[in-house]
Structures are given as C-alpha cells and as structure tokens.
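Note that numbering that gives the first Met the number 0 numbers the sequence shown so that position 130 is 129, with each residue one more than the last.
Reading through the structure tokens given below for one structure.
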Amino acid sequence: MRALRNRPATLLNTAEIELWPGGLLRARANRDARLLARAWRVLRRKRDGRYLAAMLPEGLMPLLPRWSDEPGIEEALDALDAHPGHRRPGVERVGTLPLHRLHERLGSLGVDADGYAARTGLELVAEPGWLAFAGFDRYRRALWLHPGAAGGWNRMREAARREGVVLEAISGYRSHDYQLGIFERKRARGLALEEILQVNAAPGYSEHHSGLALDIGAPGEPPAEESFEHTAAFAWLRDNAAAHGFGMSYPRDNPHGIVYEPWHWRFA
Ligand SMILES: [Zn+2]
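What follows is the structure in structure tokens.
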C-alpha cells in the first residue's frame with residue numbers, strides 16, 4: 000500500500016462522520032477509486048458507510064449531493080481542521096466522544112437502556128476520538144484499534160508467529176452506528192429484539208466500541224465459533240495473551256450472561 004507510507008494511518012472519529020485516510024477505501028466506480036486513492040481524507044457517513052466528500056491536495060471534492068447539509072458535518076470539518084497535516088494525534092489525547100445521543104437511538108430500537116444495563120452488568124462504552132491502523136483483518140479490511148491496543152495486537156501477533164502460530168484479526172473497532180445497523184437488519188429479517196440480544200450486545204454496550212477489543216481467529220477456521228477453543232491459536236492465547244495485555248472478556252458462565260466467546264479478547 001503505497002498510500003500508507005505518506006498518509007496518516009489514523010481514523011478521525013466524530014459523532015456522525017468518520018474521516019478515513021484515502022488509501023484504505025474501495026469504490027465501485029473507477030473515477031471514485033482514483034479519487035479515494037489520492038485523497039488525504041475521506042468523510043464517510045457512519046450510519047451506512049456512504050462517502051460524503053474527499054479532501055484532495057487541490058481541495059474538498061463532493062462525493063454525495065448536498066453533503067454539506069449532512070448532520071454532524073460541522074463537527075467533521077472541525078476535526079479535519081484540527082488535524083490538517085499527516086501527523087498522528089498524540090496517544091495521550093485520544094479522548095472519547097459524548098454518549099448523549101445513544102439513549103435516543105436505543106429507545107428507537109425498543110431497548111430499555113437502564114433495564115438492560117442492570118440485567119447484564121454491562122456499561123455504556125464511548126467511542127474513541129481517533130483510532131490507529133492495526134493492519135488488515137482476515138477479509139482485507141482495515142483493522143482499527145485504540146492506539147494502545149493496536150501496538151499490543153501487533154506485538155502479540157508477531158510473538159505468536161515466531162512460535163509458528165498464526166493469529167488472524169476478525170474484527171476490531173465497531174461504532175455505535177455499526178452495531179445499530181446490525182440490529183436494524185436483523186429486525187428487518189423478522190428476529191425479535193430478545194433473540195438478537197442473546198448474540199449481540201445492545202448498541203453502545205459492546206467492548207468493540209472502545210477500540211480495545213478484537214475478535215481473533217485462526218486460518219481456515221470459521222469466525223466467532225466456539226470451536227475456536229480447539230485451535231492452536233487459542234491454546235497459544237490462553238498461555239500467552241496475558242503477557243501481552245490481552246484477556247478473554249466472556250469466559251464460560253460469565254456474570255454478564257453473554258455466551259462463551261473464546262475468540263473475543265480485550266486489551267487492558
Ligand atoms: Zn467480539
């Protein structure tokens with residue numbers, strides 16, 4: 000990836016819009032693909048992943064009509080102004096986004112936020128203000144993590160590799176909007192809210208929102224299945240992950256009532 004050498008491998012995060020480095024995004028149309036490859040930053044709507052505008056060396060190029068009327072556009076343009084160059088923001092200044100709009104969204108899904116929190120013991124998880132590029136996942140998508148977790152993951156993966164064990168990232172940071180989209184699609188397929196909540200944390204309550212958690216897999220193994228516990232990758236993690244700062248969040252019979260997830264690890 001030539002683009003990554005001289006462009007910021009960071010994802011700037013705002014409530015409604017993410018600011019991606021251009022070199023990591025794909026487009027169906029050739030014209031858009033060329034634009035995205037050249038862009039310093041691409042403004043991407045979190046709700047559905049649509050590209051709104053690209054910041055090019057010659058200026059801002061619209062990618063969607065009326066992009067400037069988008070909710071949250073002011074905040075996104077402020078973030079662009081605050082990080083005009085290619086310098087990485089300081090790790091000590093990651094910060095988190097406010098949670099204020101989340102209750103409204105949970106209400107629209109029919110989730111009683113207080114009841115859910117009391118029943119599961121889970122807490123609301125804020126999104127970080129920016130995320131670090133941590134390589135690619137199994138599906139060749141950019142893997143975004145909190146900068147501390149990104150460093151920890153790369154060191155851990157390399158340590159495993161030296162012992163002949165391949166760890167694959169399945170999924171890292173996910174936004175509240177992304178989790179909301181999972182619920183909306185499952186509801187549209189006719190699943191009841193309670194059924195979805197048995198396998199997916201309610202939007203706002205997933206550790207993936209923090210950028211500190213990631214799902215790990217092994218080559219040739221199906222993603223996010225309990226059978227992962229029988230792999231060499233899992234055996235290695237069980238013995239070595241703690242030394243790299245990672246712990247399993249949802250062991251068997253965890254107090255949150257979440258199904259056993261041998262693939263889900265969190266950086267502390
Ligand atoms: Zn997970």
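Each residue gets a CB set at the ideal place from its N, CA and C atoms; glycine is no exception.
Excluding its 5 nearest sequence neighbours in each direction, Y259 has C-beta neighbours in its own chain below 7 Å: E225, Y249, P250 and R251, listed in chain order. Between the region 206-222 and the region 114-130, the count of Cβ pairs shorter than 8 Å is three or higher; the stretches touch.
T13 is a Cβ neighbour of A78, given a cutoff of 7 Å. Contact between G21 and A53 holds, with the beta-carbon distance rounding to 7 Å and staying under 8 Å. The region 221-235 makes contact with the region 160-176; the number of CB pairs closer than 8 Å reaches 3 or more. Ranked by how close their Cα comes to the Cα of M155, the residues K45, G246 and V93 have G246 in first place. Taking L105 as the centre and dropping the five residues before and after it, the same chain places the C-beta of A112, A201, P202 and G203 closer than 7 Å to its C-beta, in chain order. For P254, there is no enclosing alpha helix (DSSP H), as DSSP marks it with neither H nor E. The beta carbons of A131 and A149 sit closer together than 7 Å. A212 is bridged by DSSP to R265. When the beta-carbon positions are compared, L121 and H255 come within less than 7 Å of each other. Under DSSP, L35 shares a beta bridge with no residue. Counting only residues whose CB is nearer than 5 Å to a non-hydrogen atom of ligand 1, the list in chain order is D214 and H263.
Annotation: V93 to R188 spans about 37 Å, alpha carbon to alpha carbon. Our two residues, I257 and Q197, have alpha carbons roughly 7 Å apart in a direct line. Within the DSSP bridge table, the entry for S170 names D214 as partners.
Cβ contact annotation for S174 (same chain, cutoff 8 Å, sequence separation greater than five): N12, E17, K45, E126 and H208, in chain order. L63 is classed as exposed because its beta carbon has fewer than 16 other beta carbons within 10 Å across all chains shown. The beta carbon of L55 is closer than 8 Å to those of L34, R37, A38 and W39 in its chain, skipping five residues each way along the sequence. For E103, the enclosing alpha helix (DSSP H) starts and ends at L101 to L108.
Boundaries of the alpha helix (DSSP H) harbouring W235: A231 to N239, taken from the DSSP string. Here V41 is bridged, per DSSP, to W19 and A53.
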